[in-house]
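Residue numbers (this note's numbering): 152 to 570.
Ideal placement from N, C-alpha and C gives every residue a C-beta, glycine not left out.
Note that the structure is predicted; figures quoted are calculated from it, not measured.
Below you'll find the structure, written out as structure tokens, and then a few comments.
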Amino acid sequence: MRTDNSERLYARAQQVTPGGVNSPVRAFRSVGGTPRFIRSGSGCRLTDADGNEYIDYICSWGPLILGHCFPPVVEAVREALENGSSFGAPTEREIELAERIIAAVPSIEMVRLVNSGTEATMSALRLARGFTGRTLTVKFEGCYHGHVDSLLVKAGSGVATLGISGTAGVPEQYARTTIALPFNSVAALEAAFQRHGDQIASVIVEPVVGNMGCVLPEPGFLEAMRGLCTRHGALLIFDEVMTGFRLSLGGAQQLYGIRPDLTTLGKIIGGGLPIAAYGGRADVMRHVAPAGNVYQAGTLSGNPCAVAAGIAMLRHLAEHPEVYAQLDAAAAEICAAAPEGVTVQRMGSMFTFFFTTKPVKNWEDAAACDTQKYAAFFHHLLENGVYFPPSQFEAAFLSAAHGAGAIARTVAAIRSFRG
Ligand code: HOZ
Numbered sequence: 152m153r154t155d156n157s158e159r160l161y162a163r164a165q166q167v168t169p170g171g172v173n174s175p176v177r178a179f180r181s182v183g184g185t186p187r188f189i190r191s192g193s194g195c196r197l198t199d200a201d202g203n204e205y206i207d208y209i210c211s212w213g214p215l216i217l218g219h220c221f222p223p224v225v226e227a228v229r230e231a232l233e234n235g236s237s238f239g240a241p242t243e244r245e246i247e248l249a250e251r252i253i254a255a256v257p258s259i260e261m262v263r264l265v266n267s268g269t270e271a272t273m274s275a276l277r278l279a280r281g282f283t284g285r286t287l288t289v290k291f292e293g294c295y296h297g298h299v300d301s302l303l304v305k306a307g308s309g310v311a312t313l314g315i316s317g318t319a320g321v322p323e324q325y326a327r328t329t330i331a332l333p334f335n336s337v338a339a340l341e342a343a344f345q346r347h348g349d350q351i352a353s354v355i356v357e358p359v360v361g362n363m364g365c366v367l368p369e370p371g372f373l374e375a376m377r378g379l380c381t382r383h384g385a386l387l388i389f390d391e392v393m394t395g396f397r398l399s400l401g402g403a404q405q406l407y408g409i410r411p412d413l414t415t416l417g418k419i420i421g422g423g424l425p426i427a428a429y430g431g432r433a434d435v436m437r438h439v440a441p442a443g444n445v446y447q448a449g450t451l452s453g454n455p456c457a458v459a460a461g462i463a464m465l466r467h468l469a470e471h472p473e474v475y476a477q478l479d480a481a482a483a484e485i486c487a488a489a490p491e492g493v494t495v496q497r498m499g500s501m502f503t504f505f506f507t508t509k510p511v512k513n514w515e516d517a518a519a520c521d522t523q524k525y526a527a528f529f530h531h532l533l534e535n536g537v538y539f540p541p542s543q544f545e546a547a548f549l550s551a552a553h554g555a556g557a558i559a560r561t562v563a564a565i566r567s568f569r570g
């Protein structure tokens, strides 16, 4: 496979952008080799700068549940753009997107649109502090909630991939407002509440983790979390940036039957354009400015093109709930092809091939994986035209555009790996 053009672009990019990329995991640092510079995407396929084609299992890290260039999304964006790309004033479509989110996600009664998942979690945390008058946040090791200062403590995703445990630039005082606990440990959570119960403003969690690879909550973990938050007056925040509208229309909270106080969303609600949101209990959300005194704002918030894309996406998902069963079946087929000695973890269309023989229940288990073997597996697939995440600590995502032919080709590529 020729990669001359990607190599040339990578060298050029490194002159003008730190590490040659605009988000760290894209640089292939933990798997080695040249990151592919993408020229275009269509359906389930990507084409790189050298004309190589790949079946895409990143799907823009989750948003493209209906594939690249899904026609209704393209049409909606085109139409919106022709009517003005940004106003900095309210539009009717923002109401429609909010109404669609509220109709689908069980715990969301009011919602505020922002531009990225990071902004959503940062705002939700501030709101929880403003609402409770408390300072501390509980998070879980290996979960990633964007690059918010206080949430980079023991974070997953790129922080884990690059092994940057204590990120430079985060003031010690901010880091000290975060309590990081092992995922799936009810005992650790109980102990934290016993010690700091009256100071904990919120507990934030990816209910199904995607950012240390795909890790599922053990039975009772989310329920215990809900109970402890209620008992101690802390807000429970589900970070459903990845899982929202992906695991089901109502996200992980619908599947597990847990009602968080606040939820953060992103990715799918923008149909591949930059948009995110935080929402939840109306009595809490009414503390956000201008209704209340917790400030948060944004020039491009509720951007007309992104909102139009999001509406087209959510409309299709609401009208075609059968998509979720189709995705589940296709993902199961891919996961069944996993090589021996690999632990596959999956929830719906999110999955990870962990290079370990043990179940992965928390960050300690994930960190014990053989990342060199994962790198070999990744490059084997890439050479065979299948693009998995360039990190052991990221979930793979499937789209409804992955048809039988693409799945069969992926299965064949996986089966031909001789680790
Ligand atoms: N940290 C993101 C996935 N968990 C990757 C973002 C990107 O590189 O686009």
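Practice prompt. Identify the continuous beta strand (DSSP E) that holds R497 and give its terminal residues.
Written response: R497 -> beta strand (DSSP E) spans 494-498.
Item to complete: Mind checking which residues open and close the alpha helix (DSSP H) that includes L387?
Response: Element bounds for L387: not the alpha helix (DSSP H) but the beta strand (DSSP E), 386-390.
Checklist entry - Starting from E545 and walking both ways along the beta strand (DSSP E), at which residues does that stretch end? => result Per DSSP, E545 belongs to no beta strand (DSSP E) and is neither H nor E.
Q. So, helix, strand or coil for L413, using DSSP?
A. L413: strand per DSSP, three-state reduction.
Quick check: what's the CA-CA separation for G202 versus F502? 28 Å
The beta strand (DSSP E) enclosing K290, as first and last residue numbers | 287-291
Next item on the list: Take the Cβ of A487 as the centre, count every other Cβ of all protein chains shown within 10 Å, and call the residue buried at 16 or more, exposed below.
Entry: exposed
| Would you say L514 touches the ligand HOZ, meaning its beta carbon is less than 7 Å from a heavy atom? | Checking the sequence shown, residue 514 turns out to be Trp, not Leu. Outside the cutoff, so no.
Beta-carbon spacing of Y429, S274 below 8 Å: yes
Cβ distance (whole Å) where T286 is taken to contact D390 below 8 Å:
No, T286 and D390 are not in contact; Cβ-Cβ is about 20 Å, not under 8 Å.
field: Rounded straight-line distance, which links the Cα of E243 to that of I315
entry: 43 Å
- Message: Quick check on N444: buried or exposed, where buried means 16 or more other Cβ atoms within 10 Å of its Cβ?
- Response: Around the C-beta of N444, fewer than 16 other C-beta atoms lie within 10 Å, and the residue is accordingly described as exposed.
Please state the DSSP three-state secondary structure of E230.
helix
- How is G378 classed by DSSP in three states: helix, strand or coil? helix
May I ask you to verify whether the stretch 521-540 touches the stretch 193-212, counting CB pairs closer than 8 Å and requiring at least 3?
-> yes
query = Taking C-alpha atoms, which residue in H298, A482, P455 lies nearest to N234?
reply = P455 is the residue among H298, A482, P455 whose C-alpha sits nearest the C-alpha of N234.
Discussion item. For the pair the stretch 296-305 and the stretch 326-336, tell me if three or more CB-CB distances fall below 8 Å.
Written reply: yes
G422: which of V562, V228, L533, G384 sits nearest, CA to CA?
-> Ranked by Cα distance from G422, the first of V562, V228, L533, G384 is V228.
Do T522 and V511 count as a contact pair if the criterion is CB distance below 8 Å? no
Query - Boundaries (first-last residue) of the beta strand (DSSP E) holding A306 - result: Premise fails: A306 is in no beta strand (DSSP E) and is neither H nor E.
| task | Please look up how many angstroms separate the CB atoms of R432 and D412, rounded, as I've assumed it's under 8 Å. | result | 5 Å
For the ligand HOZ, I want to know if N362 counts as a neighbour, meaning its beta carbon is within less than 7 Å of at least one of the ligand's heavy atoms. yes
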